[in-house]
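**Q**
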Amino acid sequence: MKHTLSPFHLAIPVDNLKKARNFYKEVLELEEGRSSDHWVDFNFFGHQLVIHYKSKFSSEKDHTNPVDGKDVPVPHFGIILEWEVWQNLAQKLITKKIEFAIEPYIRFKGEVGEQATMFFYDPCGNALEFKSFKNMTEIFKK
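Quick note: the sequence shown, position 84, residue 551 per the working numbering, numbers continuous.
Here's what the structure looks like:
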């Protein structure tokens, strides 16, 4: 079944609004939208990401699932980018000395669903995955 892609809305907790705002605006270079003293909207590649201040919460960094021999952080969120956009972002993040949970690499090389992926945390412990499929028609293929 084919669907028109609609922008998603995702709200995540952050325990330091200033650090998180700087990370999403300066490091990931996302456009900032509306904001208040307790939350900030960002244009996350055409989707609405909102960081909401919440006092210190337990970190999810200890929760992982094995995928392709790597410990994938769970929960996490992210975006699927075009191959070249992903490559450029990976280089930009390496230049900015991001500490990766899983460094940029090609997963399932030569198989259906071959993809570039990388994982890292924002300053408040939220795990992000940025990925790209070698063949975008294989996003949901088994």
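Note that the Cβ used here is the ideal one computed from N, Cα and C, for glycine as well.
Of the choices W506, G513 and H530, whose alpha-carbon is the least far from that of H519?
**A** Locating residue 519 in the sequence shown gives position 52, counting from the first residue. The shortest C-alpha separation from H519 is found at W506.
**Q** Leaving out five residues on either side along the sequence, give the residues of the same chain with a beta carbon under 6 Å from the beta carbon of F600.
**A** Reading the sequence shown from its first residue, position 133 is the one you call residue 600. Excluding sequence neighbours, F600 sits near Q582 and I606.
**Q** Do V494 and K563 count as a contact pair if the criterion is CB distance below 7 Å?
**A** If you number the sequence shown from 1, residue 563 lands on position 96. If you number the sequence shown from 1, residue 494 lands on position 27. In this structure, V494 lies closer than 7 Å to K563 by Cβ.
**Q** Going by DSSP, which residues form a beta bridge with K609?
**A** To locate residue 609, count along the sequence shown from 1; it is residue 142. Per DSSP, none; premise fails for K609.
**Q** Which residues in the same chain as V552 place their Cβ atom closer than 8 Å to its Cβ, once the five residues preceding and following it in sequence are excluded?
**A** Here residue 552 corresponds to residue number 85 of the sequence shown, with the count starting at 1. Around V552: S599.
**Q** At what residues does the beta strand (DSSP E) containing E499 begin and finish?
**A** If you number the sequence shown from 1, residue 499 lands on position 32. That run of the beta strand (DSSP E) goes E498 to S502.
**Q** How would you call I561, buried or exposed, if buried means at least 16 neighbouring beta carbons within 10 angstroms?
**A** The residue you call residue 561 lines up with position 94 of the sequence shown. Exposed: under 16 other Cβ atoms inside 10 Å.
**Q** Can you tell me which residues form a DSSP beta bridge with Y572?
**A** Mapped onto the sequence shown, residue 572 falls at position 105. Paired residue(s): T584.
**Q** Tell me whether V552 sits in a helix, a strand or coil according to DSSP, three-state version.
**A** Position 85 of the sequence shown holds residue 552. In this structure, V552 counts as helix in the three-state DSSP scheme.
**Q** Quick one: Cα of G513 to Cα of P474, how far?
**A** Within the sequence shown, the letter at position 46 stands for residue 513. Within the sequence shown, the letter at position 7 stands for residue 474. In a straight line, the C-alpha of G513 is about 6 Å away from that of P474.
**Q** Specify the secondary structure class of T531 as computed by DSSP and reduced to three states.
**A** As a working note, residue 531 is residue 64 in the sequence shown. Looking at T531 - three-state DSSP - the assignment turns out to be strand.
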